């Protein structure tokens, strides 16, 4: 779980949600509030799918699913670096879903960050030439766009280490798993009422 995370959300987490929404506005992201699902602290939608000049496309749904505001801020913060790497579209397999952590082909008895709306599974990226790099088939061939994205995300410290076919070939053989890494810690915090 993120540092300081509790359920129900603490006062610090609720305050962080309001600050996050202000950050989205400052970053120019068009968003709207959404119904809270699972253990999402601040559920938002990005109806146009545009975050920092990059289009996010839902692969298996008509629109992008709900996300926690913290994930959207992380994506918006990373966007200039992805754009410089040539990324113009991100094809999303899933964001929010009620699930447990799955690593190395085994499910652990702890909630995944998908259940918090803080994780995104990406199946492919489209570059500025319109070429689609598909994680399931192109990563193992050393696709430079995919390797560049992996380096960019890992070097950014905005996300936790990206899970890929390289570092988790059993559970992440066909997608990149990105996790926002918010810090809700406050030693004097109590649950919100």
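Residue numbers (this note's numbering): 123 to 315.
Just so you know, even glycine gets a beta-carbon here, dropped at the ideal spot from N, CA and C.
Note that the structure is a prediction, hence the values are computed from the model and not measured.
- In this structure, residue 178 lies near residue 168, with their beta-carbon atoms less than 9 Å apart.
- The beta carbon of residue 221 lies closer than 8 Å to those of 233, 234, 236, 237 in the same chain, with the five residues before and after it left out.
- Look at the segment 242-281 and you find these whole runs of beta strand (DSSP E), each 3 residues long or longer: 254-256.
- For residue 143, the enclosing alpha helix (DSSP H) stretches over residues 133-148.
- Straight across, the Cα-Cα distance linking residue 184 with residue 215 is about 12 Å.
- In this structure, residue 163 sits near residue 136, with a CB-CB distance shorter than 9 Å.
- The alpha-carbon of residue 149 is positioned some 31 Å away from that of residue 223.
- Residue 287 is not a Cβ neighbour of residue 277, given a cutoff of 9 Å.
- In chain order, 281, 284 place their CB closer than 6 Å to the CB of residue 275, counting only its own chain and leaving out the 5 sequence neighbours on each side.
- When the five nearest sequence neighbours on each side are left out, the beta carbons in the same chain lying within less than 6 Å of the beta carbon of residue 174 are those of 198, 201, in order along the chain.
- Residues of the same chain with a CB within less than 6 Å of the CB of residue 219, apart from the 5 flanking positions on each side, are 236 in chain order.
- Spatial neighbours of residue 125 in its own chain (CB-CB distance under 7 Å, excluding positions within 5 residues in sequence) are listed in chain order as 305, 306, 307.
- Secondary structure note for residue 178: its beta strand (DSSP E) is the uninterrupted segment 176-180.
- With a 10 Å radius around the Cβ and a threshold of 16 neighbouring Cβ atoms, residue 217 comes out buried.
- Judged by their CB atoms, residue 213 and residue 159 are not nearer to each other than the 9 Å cut-off.
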